DNA sequence: GTACGAACCGGACGAGATGTCCACTTAAGG
DNA sequence: CCTTAAGTGGACATCTCGTCCGGTTCGTAC
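Structure representation (structure tokens):
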């Protein structure tokens, strides 16, 4: 992964060997990102071409390629801040999403947040995956690590095999198709929540301690009588 | 959807206005499919171009485009027979896969068969989906209908939203990534089986799972009071 | 066996996208 | 100012796509 992930803001993050970005360069970067954002939102993100972005931003091809090798990278840069925000909340946020809740609840909360993110930026997410390089992206590695740790904590089957399975429904194409068919974000979230609770549940009769005995608390306790 | 799905065999299916395929045409079709099959297997299926196929098959571009609008269609034609076979077994096959078993078992069996198919023809499946037109394909509609009926039978939450979710792990990119990471088909099958049983766990004594919010459906009741 | 029309073939062609290259411009520091 | 190097933009060569059409071959009727 390139360390040039600070493409978005431009001014912060002047690393050691990096002299500092010139003013005109920073302005062009901003123009590129702004113009690209509009293009992605306006038409099918997968149809946006490097030429389009260059023209819309009012810069030459060379200038564009200087920073971004393809349109997917541009979309990724636009998406970056949102993903970082979610990542932070996963690590240090309030319980349903952050540490403290049961694995099933945390997974369900993660699903809900991802659905929010997909819904808000479906154009960017689609645009960022031209060519299914999805699994090469840094963000995907993070999601995987997170989900995997939840699976391990819940002792739910083979974590290695299950992780990608549990992440698969979050593929942007899947969500886009669901929306296209008329499903609401709430419906999708609910279905994913059901998935989370279905899989991260101790098999009945298993002698294994209820995973996170403290965990599954909330719900069952509330429900029981 | 084009009705030209009989591209593969060539000789059967002579519809009303279709006179019959000429001998030279049939031969070219065979050459195209043979050559394309080798190309798909030899390199990244998504990199195979129409030019490549034409050259490898020893036919001109025009001849190729006469039958197949793009490489995805060629891969689809090669895949067709295998998918049909599986579809037949789903409808009329022996119990674990066909009718007779519980929804969870049938879903697990379906997963296992799909993993087999993916593993045997991962190159074709990847090649058939250039551009995520996956959801437009006839086969996907069939898988969806099948899974949906199982979900309905098991009364597992909102079938509309859950169907695509349950189908998502079968996306070829997901499976390819899992194999790339060293997982065996058996591991993946096992994980999917766990998924099937986790989600389609029959809610004992429950009339119905609450489909709505937070997927609590079936869970609490199932977990016995 | 021959002749004819329809189906078929294959390569040329134009449009459009990609990624690179390099002469020119301009910001930033002395 | 004046120097330096980062930054710029558009031309270029290449590739792929999809279509078009003159020429060829099959299948059939005679």
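Protein chains in written order, with the numbering used here: chain A, 985 to 1209; chain B, 985 to 1209. Even glycine gets a Cβ: it sits at the ideal position worked out from N, Cα and C. All figures in this text were calculated on a predicted structure; none of them were measured in a lab.
Among the options, nearest to residue i - alpha-carbon criterion
| i | options | result |
| --- | --- | --- |
| residue 1127/B | 1111/B, 1146/B, 1139/B, 1142/B | 1146/B |
| residue 1059/B | 1039/B, 1012/B, 1097/B, 1016/B | 1016/B |
| residue 1010/B | 1047/B, 1140/B, 1027/B | 1047/B |
| residue 1029/A | 1154/A, 1114/A, 1124/A | 1114/A |
| residue 1067/B | 1024/B, 1123/B, 1013/B | 1123/B |
| residue 1055/B | 1038/B, 1044/B, 1065/B | 1038/B |
| residue 1086/B | 1140/B, 1063/B, 1036/B, 1118/B | 1140/B |
| residue 1064/B | 1176/B, 1021/B, 1152/B | 1021/B |
| residue 1152/B | 1176/B, 1134/B, 1163/B | 1176/B |
| residue 1148/A | 1036/A, 1023/A, 1118/A | 1118/A |
Alpha-carbon to alpha-carbon, residue j and residue i
| i | j | result |
| --- | --- | --- |
| residue 1076/B | residue 1093/B | 14 Å |
| residue 1034/A | residue 1019/A | 11 Å |
| residue 1182/A | residue 1097/A | 19 Å |
| residue 1168/A | residue 1161/A | 11 Å |
| residue 1106/B | residue 1156/B | 7 Å |
| residue 1080/A | residue 1090/A | 5 Å |
| residue 950/B | residue 1138/A | Past the boundaries of the shown model lies residue 950/B; chain B is included only from 985 to 1209, so the question cannot be answered. |
| residue 1071/A | residue 1070/B | 41 Å |
| residue 1074/B | residue 1083/B | 7 Å |
| residue 1136/B | residue 1042/A | 54 Å |
| residue 1165/B | residue 1040/B | 32 Å |
| residue 1088/B | residue 1132/B | 12 Å |
| residue 1202/A | residue 1078/A | Confidence in residue 1202/A is poor, its pLDDT being 36 and thus under 50, which makes the residue's placement too unreliable to answer from. |
| residue 1159/A | residue 1036/A | 26 Å |
| residue 1163/A | residue 1095/A | 16 Å |
| residue 1144/A | residue 1150/A | 11 Å |
| residue 1180/A | residue 1125/B | 25 Å |
| residue 1154/A | residue 1024/A | 20 Å |
| residue 1134/A | residue 1134/B | 28 Å |
| residue 1008/B | residue 1012/A | 58 Å |
Interface residues of chain A facing residue i [CB-CB closer than 9 Å]
| i | result |
| --- | --- |
| residue 1153/B | 1148, 1149, 1150, 1151, 1152, 1153 |
| residue 1167/B | 1142, 1144, 1145, 1148 |
| residue 1179/B | 1141, 1146, 1149, 1150, 1179, 1182, 1183 |
Assigned exposure category for residue i - 16 Cβ within 10 Å defines buried
| i | result |
| --- | --- |
| residue 1142/B | buried |
| residue 1120/B | exposed |
| residue 1052/B | buried |
| residue 1185/B | buried |
| residue 1026/B | exposed |
| residue 1049/B | exposed |
| residue 1004/A | exposed |
| residue 1014/B | exposed |
| residue 1006/B | exposed |
| residue 1044/A | exposed |
| residue 1178/B | buried |
| residue 1129/B | exposed |
| residue 995/A | Since pLDDT at residue 995/A reaches only 38, below the 50 mark, its modelled position is unreliable, and no value is offered. |
Per-residue contacts from residue i into chain B (C-beta, under 8 Å)
| i | result |
| --- | --- |
| residue 1171/A | 1142, 1144, 1145 |
| residue 1044/A | What residue 1044/A touches in chain B: nothing, since even the nearest Cβ is about 29 Å away. |
Chain A residues whose Cβ lies nearer than 8 Å to that of residue i
| i | result |
| --- | --- |
| residue 1162/B | 1145, 1148 |
| residue 1174/B | 1141, 1142, 1145 |
Residue i Cβ short of 6 Å to the ligand COA heavy atom set
| i | result |
| --- | --- |
| residue 1128/A | In terms of ligand content, the structure shown is empty, and the ligand COA therefore cannot be addressed. |
Contact set between residue i and chain A, taken where Cβ atoms lie within less than 7 Å
| i | result |
| --- | --- |
| residue 1125/B | Chain A residues near residue 1125/B: none, gap ~12 Å exceeds 7 Å. |
| residue 1111/B | Going along chain A, no residue has its Cβ under 7 Å from residue 1111/B, so there is no contact; the nearest lies around 13 Å. |
Contacts of residue i in chain B (Cβ-Cβ under 9 Å)
| i | result |
| --- | --- |
| residue 1131/A | Here the premise fails: no neighbours, minimum Cβ distance about 13 Å. |
Residue i: contacting residues in chain B (beta-carbon distance under 7 Å)
| i | result |
| --- | --- |
| residue 1119/A | 1161 |
| residue 1158/A | 1148, 1152 |
Using 8 Å as the threshold, is the region 1098-1108 of chain B in touch with the region 1160-1177 of chain B, meaning 3 or more CB pairs across them? The region 1098-1108 of chain B is in contact with the region 1160-1177 of chain B.
Assess contact between the region 1053-1067 of chain A and the region 1108-1121 of chain A, defined as three or more Cβ pairs (one per stretch) separated by less than 8 Å. Is contact present? The region 1053-1067 of chain A, when compared against the region 1108-1121 of chain A, does touch it at the 8 Å Cβ threshold.
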